[in-house]
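Residue numbers (the working numbering), protein chains in the order written: chain G, 1 to 219; chain C, 1 to 219; chain R, 1 to 232; chain W, 1 to 232. Ideal Cβ placement from N, Cα and C applies to all residues, glycine included.
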Amino acid sequence: MALDKEGIAKRIAKELKNGYYVNLGIGIPTLVANYVPEGLQLEFQSENGVLGMGPFPIAGQEDADLINAGKQTITTLAGASFFDSSTSFGMIRGRHIDLSVLGAMQVDQSGAIANWKIPGKLVKGMGGAMDLVASAENIIVAMMHTDRKGNSKLKSKCSLPLTGVACVKRVVTNLAVIDITYEGFYLKERAPQVEVEEIIQATEGLLIVPNQVPEMILD
Amino acid sequence: MALDKEGIAKRIAKELKNGYYVNLGIGIPTLVANYVPEGLQLEFQSENGVLGMGPFPIAGQEDADLINAGKQTITTLAGASFFDSSTSFGMIRGRHIDLSVLGAMQVDQSGAIANWKIPGKLVKGMGGAMDLVASAENIIVAMMHTDRKGNSKLKSKCSLPLTGVACVKRVVTNLAVIDITYEGFYLKERAPQVEVEEIIQATEGLLIVPNQVPEMILD
Amino acid sequence: MITKTVPNVSSALEGIQSGMTLMLGGFGLCGIPENLIKTIAKSPLKDFTCISANVGVDDFGLGLLFQHKKIKTMIGSYVGENAEFERQMLSNEIEVVLTPMGTLAEKCRAAQMGIPAFYTPAGYGTEVAEGKEVRSFHSKKYILEEAYQADFALIKAWKGDHAGNLIFRGTAKNFNSVMCGAAKNTVVEVEELLPPGELDPNQIHTPGIFVDRIFEGTSYEKRIENLTLKTL
Amino acid sequence: MITKTVPNVSSALEGIQSGMTLMLGGFGLCGIPENLIKTIAKSPLKDFTCISANVGVDDFGLGLLFQHKKIKTMIGSYVGENAEFERQMLSNEIEVVLTPMGTLAEKCRAAQMGIPAFYTPAGYGTEVAEGKEVRSFHSKKYILEEAYQADFALIKAWKGDHAGNLIFRGTAKNFNSVMCGAAKNTVVEVEELLPPGELDPNQIHTPGIFVDRIFEGTSYEKRIENLTLKTL
Numbered sequence: 001m002a003l004d005k006e007g008i009a010k011r012i013a014k015e016l017k018n019g020y021y022v023n024l025g026i027g028i029p030t031l032v033a034n035y036v037p038e039g040l041q042l043e044f045q046s047e048n049g050v051l052g053m054g055p056f057p058i059a060g061q062e063d064a065d066l067i068n069a070g071k072q073t074i075t076t077l078a079g080a081s082f083f084d085s086s087t088s089f090g091m092i093r094g095r096h097i098d099l100s101v102l103g104a105m106q107v108d109q110s111g112a113i114a115n116w117k118i119p120g121k122l123v124k125g126m127g128g129a130m131d132l133v134a135s136a137e138n139i140i141v142a143m144m145h146t147d148r149k150g151n152s153k154l155k156s157k158c159s160l161p162l163t164g165v166a167c168v169k170r171v172v173t174n175l176a177v178i179d180i181t182y183e184g185f186y187l188k189e190r191a192p193q194v195e196v197e198e199i200i201q202a203t204e205g206l207l208i209v210p211n212q213v214p215e216m217i218l219d
Numbered sequence: 001m002a003l004d005k006e007g008i009a010k011r012i013a014k015e016l017k018n019g020y021y022v023n024l025g026i027g028i029p030t031l032v033a034n035y036v037p038e039g040l041q042l043e044f045q046s047e048n049g050v051l052g053m054g055p056f057p058i059a060g061q062e063d064a065d066l067i068n069a070g071k072q073t074i075t076t077l078a079g080a081s082f083f084d085s086s087t088s089f090g091m092i093r094g095r096h097i098d099l100s101v102l103g104a105m106q107v108d109q110s111g112a113i114a115n116w117k118i119p120g121k122l123v124k125g126m127g128g129a130m131d132l133v134a135s136a137e138n139i140i141v142a143m144m145h146t147d148r149k150g151n152s153k154l155k156s157k158c159s160l161p162l163t164g165v166a167c168v169k170r171v172v173t174n175l176a177v178i179d180i181t182y183e184g185f186y187l188k189e190r191a192p193q194v195e196v197e198e199i200i201q202a203t204e205g206l207l208i209v210p211n212q213v214p215e216m217i218l219d
Numbered sequence: 001m002i003t004k005t006v007p008n009v010s011s012a013l014e015g016i017q018s019g020m021t022l023m024l025g026g027f028g029l030c031g032i033p034e035n036l037i038k039t040i041a042k043s044p045l046k047d048f049t050c051i052s053a054n055v056g057v058d059d060f061g062l063g064l065l066f067q068h069k070k071i072k073t074m075i076g077s078y079v080g081e082n083a084e085f086e087r088q089m090l091s092n093e094i095e096v097v098l099t100p101m102g103t104l105a106e107k108c109r110a111a112q113m114g115i116p117a118f119y120t121p122a123g124y125g126t127e128v129a130e131g132k133e134v135r136s137f138h139s140k141k142y143i144l145e146e147a148y149q150a151d152f153a154l155i156k157a158w159k160g161d162h163a164g165n166l167i168f169r170g171t172a173k174n175f176n177s178v179m180c181g182a183a184k185n186t187v188v189e190v191e192e193l194l195p196p197g198e199l200d201p202n203q204i205h206t207p208g209i210f211v212d213r214i215f216e217g218t219s220y221e222k223r224i225e226n227l228t229l230k231t232l
Numbered sequence: 001m002i003t004k005t006v007p008n009v010s011s012a013l014e015g016i017q018s019g020m021t022l023m024l025g026g027f028g029l030c031g032i033p034e035n036l037i038k039t040i041a042k043s044p045l046k047d048f049t050c051i052s053a054n055v056g057v058d059d060f061g062l063g064l065l066f067q068h069k070k071i072k073t074m075i076g077s078y079v080g081e082n083a084e085f086e087r088q089m090l091s092n093e094i095e096v097v098l099t100p101m102g103t104l105a106e107k108c109r110a111a112q113m114g115i116p117a118f119y120t121p122a123g124y125g126t127e128v129a130e131g132k133e134v135r136s137f138h139s140k141k142y143i144l145e146e147a148y149q150a151d152f153a154l155i156k157a158w159k160g161d162h163a164g165n166l167i168f169r170g171t172a173k174n175f176n177s178v179m180c181g182a183a184k185n186t187v188v189e190v191e192e193l194l195p196p197g198e199l200d201p202n203q204i205h206t207p208g209i210f211v212d213r214i215f216e217g218t219s220y221e222k223r224i225e226n227l228t229l230k231t232l
């Protein structure tokens, strides 16, 4: 059964490791914070200038000076810090952020990602995405395997304007966990009860399928 | 009568203007702080990371965490701030410092300065001097007109390794105030009772001498 | 000490002219120079080039300058959440230059610190790199980006003193501190203006040397763009 | 929160090896990592390349590493006030690379912030520019300088917390804050180590993400190099 967004977030949460500084993009990536495995020491960064983000505030505790990159009101945990945008992107560019999770419109088998612009459609800008994908040590893309029309978002070559090249290491979709290797996409795990054939059908780029494709473990 | 070091400092103090951020080098330049005209709003920067330096501390008030670039103990005035070395030299490089006063071994008529290295002699390093001369809006050199052997320090071309090129705007020596112009050195003022002929003799580079050379006013 | 205080928002903006390039601090509606923006929106000035991370919302923040058709060119990073801006962009009334956010921050910081240009990996291999020099360092590809050149930086800080020293609060620091001193004139509005000596010199985020004029703003709204509460 | 505390100076230095490149914070004797330096001086390690503004004095600060012949290459800016250093330099026992102080600071900051290279006017037209690219921006000449690459940054801060957040005091901030995160391993000794939450997140000079290990140092001497008093 294909995963829903929460399922994708749950699977990505398994990638979190002790000591990771993590930047979560808007959308599915934000949900990952809800599934942090117990006992892990982690800090969440938001590129507008905060490290050590906590949960959203309770009513009455919101503060106009405390927001995340999605402009949502936030709180901070003990050990948090605030800093300017130059320092914030310095953390990203300097590879101090260990993991960046982003959404995408397309990923291709060379690790390129397109997630900011559709020619002819309204462009909202790349925000921090180009800095993040050019810099973070580990970049995981969280997205649906196909778009609303059923077109694969895992391409042999991105057709949309790129956000970055040779940067995505792993893609977690509603159907599968797919790594980007020198040879192309590599099918690492399938969603519970999803058949390998369905994943092959939904993937446009070259997909390497090993003999055994384990099911994701989500809990 | 040729000026002593205090006299040079006094004359340079006349260059201070309201609203100036000033960096004073070690030696004669440091003395300039003793002759700030009354009523001027000024702040002294030290490139190791302080703006708003005050006088030296009284005994018992010294603090190992409060020093200037000459490693001397200092105090700060109301409105002072501390910052890191990158920001400090950013202030300098970004032309936020209005006036830099430095000592020199040689200055030449193209505005080049040599003040950090004598080949074959012990080299102590350029410290912040190269950053200062490459950046400050106004650079005034404070030095004796000749060295101990009587050789002119105002050269047609510096013979010592350079600290910077085309940067010095004005030189104040024990004998004269000399500007650097496109045509060469320009004799602007002479020290009290010093004859123009003496300055010409003591200057190796091309010296433009106007008909009238006023005496410096020091008080 | 050098005093940077000016009596009000009008004197703070003295010398600003149509056609100038402005930097505006803030991220979304967080840390925006409310008083300065409102005053420019009401002025007869126009044709500005604005450098700012975002474009505000329709009726607040930088959005006020779009509403009053003050902007000719917008240099920003994320320009969503503002319908009037979108209309002007789609009808080609304004020119829009999109820049990776970290590059935008570093181009401001470079201007502030006298660095004319630097290399960054952000945008390599994308349309952002078009026309820019590409160079490898330690086998990774980077593109050359130059410092911005601006006439006025419009800044909002939390506390400031008469010497122009600033302290920001929370994520309202964002682009404000990197834009100070990055333009020919840096104008700062603060929520609280204090006499010199009231701020601890160790705790100053932006030294007054980066500030030209400072005043205490009035009637701060400090709107929240996206109120999100914990679901209990 | 990610805990960065280590129990003592030995565990802080785990992994350090002969021949590595070290960055050392401090300016003169102000803000130097006293405990880390003393421990390395007493260790069997040697052949370090050191990046630091100055070289300390004969029997204190970085001078201890020269006294114990630990340094092969010194990258610094002002190297006076240390007779043993001078002896080693004049007898060619050590290699010395002199760098303008602002360039040294910016090369550290570049390493910290993932900028591989930048242009600066400092040193243009001098021997510092030899072998470096020269480029004009807006008719002024600049030289290209690259970020440092170092193995360990040895840092002294005033206060720190378990998350590695740091606060510096006075002019002891100097190179310390720009070296944090500029090396593969950043090791910090503080005068006072506090539990998380004790430091105001607005007032942190260096966020813990730039720090790998932190410990509370002991027996700080904090010597004054050049005591200068007001003549009354």
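Between the alpha carbons of residue i and residue j, how many angstroms are there, rounded?
{"i": "residue 60 of chain C", "j": "residue 217 of chain R", "result": "42 Å"}
{"i": "residue 173 of chain G", "j": "residue 9 of chain G", "result": "9 Å"}
{"i": "residue 115 of chain C", "j": "residue 126 of chain C", "result": "8 Å"}
{"i": "residue 129 of chain C", "j": "residue 159 of chain G", "result": "53 Å"}
{"i": "residue 141 of chain R", "j": "residue 110 of chain G", "result": "16 Å"}
{"i": "residue 118 of chain C", "j": "residue 29 of chain C", "result": "21 Å"}
{"i": "residue 31 of chain C", "j": "residue 137 of chain C", "result": "21 Å"}
{"i": "residue 113 of chain W", "j": "residue 106 of chain W", "result": "10 Å"}
{"i": "residue 252 of chain C", "j": "residue 148 of chain R", "result": "This structure cannot speak to residue 252 of chain C, because chain C is shown only from 1 to 219."}
{"i": "residue 140 of chain G", "j": "residue 102 of chain G", "result": "7 Å"}
What is the DSSP secondary structure of residue i, counted as helix, strand or coil?
{"i": "residue 69 of chain R", "result": "coil"}
{"i": "residue 142 of chain R", "result": "strand"}
{"i": "residue 198 of chain G", "result": "helix"}
{"i": "residue 34 of chain G", "result": "helix"}
{"i": "residue 217 of chain G", "result": "coil"}
{"i": "residue 39 of chain G", "result": "coil"}
Check each candidate in the options and name the one with the smallest Cα separation from residue i.
{"i": "residue 1 of chain C", "options": "C:165, C:212, C:199, C:210", "result": "C:199"}
{"i": "residue 24 of chain W", "options": "W:162, W:4, W:86, W:173", "result": "W:173"}
{"i": "residue 156 of chain R", "options": "R:12, R:3, R:2", "result": "R:12"}
{"i": "residue 109 of chain W", "options": "C:143, C:85, C:121", "result": "C:85"}
{"i": "residue 161 of chain G", "options": "G:49, G:123, G:7, G:44", "result": "G:123"}
{"i": "residue 222 of chain W", "options": "W:63, W:33, W:167, W:83", "result": "W:33"}
{"i": "residue 150 of chain R", "options": "R:184, R:130, R:180, R:162", "result": "R:184"}
{"i": "residue 73 of chain R", "options": "R:102, R:5, R:19, R:129", "result": "R:19"}
{"i": "residue 112 of chain G", "options": "G:165, G:83, G:62", "result": "G:165"}
For the alpha helix (DSSP H) containing residue i, list its first residue and its last residue.
{"i": "residue 76 of chain G", "result": "Unbroken run through residue 76 of chain G is the beta strand (DSSP E), 76-82; no alpha helix (DSSP H)."}
{"i": "residue 109 of chain W", "result": "101-113"}
{"i": "residue 215 of chain R", "result": "Counting along the chain, residue 215 of chain R falls outside any alpha helix (DSSP H), though it belongs to the beta strand (DSSP E) covering 213-216."}
{"i": "residue 90 of chain W", "result": "83-90"}
{"i": "residue 6 of chain G", "result": "5-13"}
Ends of the beta strand (DSSP E) at residue i?
{"i": "residue 289 of chain C", "result": "Residue 289 of chain C is absent from the model: chain C starts at 1 and stops at 219."}
{"i": "residue 46 of chain C", "result": "42-46"}
{"i": "residue 95 of chain W", "result": "95-98"}
{"i": "residue 174 of chain R", "result": "Neither: residue 174 of chain R is in no beta strand (DSSP E) and is coded neither H nor E."}
{"i": "residue 50 of chain C", "result": "50-53"}
{"i": "residue 297 of chain R", "result": "What is shown of chain R runs 1 to 232, which leaves residue 297 of chain R out entirely."}
{"i": "residue 68 of chain G", "result": "Premise fails: residue 68 of chain G is in no beta strand (DSSP E) and is neither H nor E."}
{"i": "residue 2 of chain G", "result": "No beta strand (DSSP E) contains residue 2 of chain G, which DSSP labels as neither H nor E."}
### Message
Suppose only complete runs of 3+ residues qualify. What are the beta strand (DSSP E) ranges in the stretch 94-130 of chain G, listed by chain order?
### Response
As far as the stretch 94-130 of chain G is concerned, its whole beta strand (DSSP E) runs of at least 3 residues are 99-102, 106-108.
#### Entry: alpha helix (DSSP H) segments (min. 4 residues) lying fully within the stretch 2-52 of chain R
Within the stretch 2-52 of chain R, the complete alpha helix (DSSP H) runs of at least 4 residues are 9-12, 34-42.
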